[in-house]
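Novice: Count along the first sequence from 1, then add 161; that gives the number in my numbering. Glycine included, each C-beta is placed from N, C-alpha and C at the ideal position. Owing to the predicted nature of the structure, the values given are computational and were not obtained by experimental measurement. Sharing a structure, written as structure tokens. Questions coming.
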Amino acid sequence: MGKVLVHKSQEGVTSGRIVEVEAYIGPDDPASHAYKNRKTARTTVQYGKRGLAYIYQIYGKQCCFNIVTGKEGKPEVILIRALDPIGGIDLMMKRRGISTTRNIKNLTNGPAKLCQAMGIDKSLYGEELFGKKLYIVEDEIRIKKEEILATPRINIDYAGNAKNKLWRFIIKNNPFVSKR
DNA sequence: TGCACGATTCTCT
DNA sequence: GAGAATCGTGCAA
């Protein structure tokens, strides 16, 4: 939390601070694509090394960006749900389109929105996040524990009891978090 | 090979 | 706050 995600693409560089995430603990989490260690073409990278990008498409055109955090063989990932834009805001606006950027918050306050703004798509599936194209920077700003709030995750009603787990984390009072 | 559905977004009311 | 768009994925057959 509070780290900066950077993407250097052909079109230019965009970056933003991570202000909202969700955890998905594969084997024991009905909301995870890797529930019960399910291994398919889509989830393969979840079983790979830490620091790889897990990107999946949902509802047709939308895509979401995750970071693999579990040890090799453990399908644990973090979904990035919102960013606070820092660099390349013009490019983000261009990618997102004029109609949706009347309100600056609409640039990156949702998992599929930030992918579009950052230019992240399935071609970056399995990309190393400690590489040159897509990576995370630790900067001088440190988020204190008291500034982080744990809440239930969003849109996983199908997951039974797991929907009540406090596995969504947001930075308090940050205007870019997707929902209150 | 077929079919139901979703870790969402946008628009309209 | 509700409803449509939209298609890859996973599982049944």
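What span of residues does the alpha helix (DSSP H) with D245 cover, start to end?
Specialist: Where D245 is concerned, there is no enclosing alpha helix (DSSP H), although the beta strand (DSSP E) it sits in stretches over E237 to G248.
Novice: Quick check on the DSSP output: the beta strand (DSSP E) that includes K274 runs from which residue to which?
Specialist: Taken as a continuous stretch (DSSP letters only), K274 belongs to no beta strand (DSSP E), being part of the alpha helix (DSSP H) at P272 to M279.
Novice: My understanding is that L285 touches I216, with C-beta atoms under 8 angstroms, so please give their C-beta distance in whole angstroms.
Specialist: In this structure L285 touches I216 by the C-beta definition: roughly 6 angstroms separates them, less than 8 angstroms.
Novice: Taking the alpha carbon of F337 as the reference point, which residue from W328, N322 and K274 has its own alpha carbon closest?
Specialist: K274
Novice: Give a yes or no on whether the C-beta atoms belonging to V180 and I331 are separated by under 9 angstroms.
Specialist: yes
Novice: At the level of alpha carbons, what is the spacing between I304 and K235?
Specialist: 27 angstroms
Novice: Between the region 242-261 and the region 196-209, do at least 3 Cβ pairs fall closer than 8 angstroms?
Specialist: no
Novice: Rounded to whole angstroms, what is the Cα-Cα separation between G187 and E237?
Specialist: 5 angstroms
Novice: For L166, which of helix, strand or coil comes out of DSSP?
Specialist: strand
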